[in-house]
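Novice: Would you mind keeping the following structure in view while I ask a few things?
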Amino acid sequence: MELSGRSVVLTGVGREGQVGEAVARAFAERGARVYLVDRTGDEARARSDALNAAGLRSAALSADLSDPAAVDALAARVRDATSGRVHALVHLAGGFAASGPVADSDPAAWTRQFTINLTTAYLTARAFLPLVRATKGAMVFFGSEAALPGARVSGIAAYAAAKGAVLTLVQALAQEERDNGVRANALAPAAIRTAANLAEMGPDTAYVTREAVADVVLWLCSDAARAVTGQVVRVR
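Quick note: to get this note's numbering, add 8 to the position in the sequence shown (first position is 1).
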């Protein structure tokens, strides 16, 4: 898959060993210029420096993706750097925390899960749509198996509900942007094999590798998936 000349924005790239690092490298190794975003810029800068040291093309940016003005400013910076053309937006930003039984849950924890998972997805999509429309490109969001019918969600209602709302947002984007040539899809991965997840959940959990997740993201953003929109791809 050749992606030379394409610009790809990845939010929530995160620490070394996380899935964002694998997705960023997969795009960069195929010729794309990747714009890596995190809240402070520190992790994005470290990941970007590693890619550039390998002869790949990358830039690091920072933004609070829960702040509308900050996200608009981020999109403006990317617009100026790409002549207003983004071929793919991959929204990895988000987070997990158990909220406990609904009857005993803290409303602040509920709000937090919706802010970091749903609000960031909405604001990022809204700000970057004009740039993705310019290329008739793709948007990919991360849901979760916890958001799918029949999932076991006891004790994690806030997270599961927020990720379920992300999947609904993806449906709306796919329907609203079809005539503009923009595709919107989501992944619903099982637990991803990272050092952090291994430490928290142990070696006996059924994991999907970072590289397998990256392959699915690449495909959804490629010309091979040009007829695919509004889909939730389960990855396990």
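Even glycine gets a Cβ: it sits at the ideal position worked out from N, Cα and C.
Treat the numbers as computed from the prediction; the structure is a model and nothing was measured.
Output needed for L175: all residues of its chain with C-beta closer than 6 angstroms, excluding positions within five of it in sequence on either side, in chain order.
Specialist: Excluding residues within five positions, the ones whose Cβ falls inside 6 angstroms are G151, A155, A194, V240.
Novice: Which ranges does the alpha helix (DSSP H) cover as unbroken runs of at least 4 residues, wholly within the region 178-210, from first to last along the chain?
Specialist: If we require 4 residues or more, the alpha helix (DSSP H) runs fully inside the region 178-210 come out as 203-209.
Novice: Have a look at R234 and D187 and give me their C-alpha separation to the nearest angstrom.
Specialist: Their backbone Cα atoms lie some 13 angstroms apart in a straight line.
Novice: Tell me whether T19 sits in a helix, a strand or coil according to DSSP, three-state version.
Specialist: Residue state, collapsed to three classes: strand.
Novice: Tell me whether T119 is buried or exposed, calling it buried when 16 or more other Cβ atoms sit within 10 Å of its Cβ.
Specialist: Exposed, by the Cβ-count rule.
Novice: I'd like to confirm the pairing. Which residues does DSSP put opposite D46 in its beta bridges?
Specialist: S70, per the DSSP bridge assignment.
Novice: K144: buried (16+ other C-beta within 10 angstroms of its C-beta) or exposed?
Specialist: Classification for K144: exposed.
Novice: Could you pull the start and end residues of the alpha helix (DSSP H) that A36 belongs to?
Specialist: Segment 27-37, the alpha helix (DSSP H) holding A36.
Novice: Output yes if chain B places a C-beta closer than 8 angstroms to the C-beta of E185; else output no.
Specialist: Considering every chain present, this structure includes no chain B. It has just one protein chain.
Novice: Within 10 Å of its beta-carbon, does T19 have 16 or more other beta-carbons around it, so buried, or fewer, so exposed?
Specialist: Per the 10 Å Cβ criterion, buried.
Novice: Let me check understanding here. Comparing Cα to Cα, which of D112, A52, A199, V224 lies closest to A165?
Specialist: When only C-alpha atoms are compared, the closest one is D112.
Novice: Where does V216 fall in DSSP's three states?
Specialist: Residue state, collapsed to three classes: strand.
Novice: On the three-state DSSP scale, how would you describe F149?
Specialist: F149: strand per DSSP, three-state reduction.
Novice: Could you spell out where the beta strand (DSSP E) holding L97 opens and where it closes?
Specialist: Taken as a continuous stretch (DSSP letters only), the beta strand (DSSP E) holding L97 covers 96-99.
Novice: What would DSSP say about V236, mapped onto helix, strand or coil?
Specialist: Here V236 sits in coil by DSSP.
Novice: Are the beta-carbon atoms of V31 and A222 separated by less than 8 angstroms?
Specialist: Contact flag set, yes.
Novice: With DSSP as the reference, label R65 as helix, strand or coil.
Specialist: Coil, per DSSP.
Novice: Please indicate yes or no: does the CB of N125 lie closer than 7 angstroms to some heavy atom of the ligand SAM?
Specialist: Annotation note on the ligand SAM: not contained in the displayed structure, which lists no ligands.
Novice: Cα-Cα, which of A58, R160, G39 is closest to E24?
Specialist: With distances taken between Cα atoms, E24 lies closest to A58.
Novice: Taking 8 angstroms as the threshold (C-beta atoms), are V225 and A135 in contact?
Specialist: Not in contact: A135 and V225 (Cβ atoms no closer than 8 angstroms).
Novice: Would you say L69 and A52 are within 8 angstroms of each other, going by their C-beta atoms?
Specialist: Taking 8 angstroms as the Cβ cut-off, L69 and A52 qualify as a contacting pair.
Novice: Can you give me the C-alpha to C-alpha distance between N125 and A101, rounded to a whole angstrom?
Specialist: Roughly 7 angstroms between the two C-alpha positions.
Novice: For R14, which of helix, strand or coil comes out of DSSP?
Specialist: In this structure, R14 counts as coil in the three-state DSSP scheme.
Novice: Quick one: using the 10 Å Cβ neighbour count with 16 as the cut-off for buried, is G13 buried or exposed?
Specialist: Exposed: under 16 other Cβ atoms inside 10 Å.
Novice: Assign S162 to one of two classes, buried (16 or more other C-beta atoms within 10 Å of its C-beta) or exposed (fewer than that).
Specialist: Burial call: exposed.
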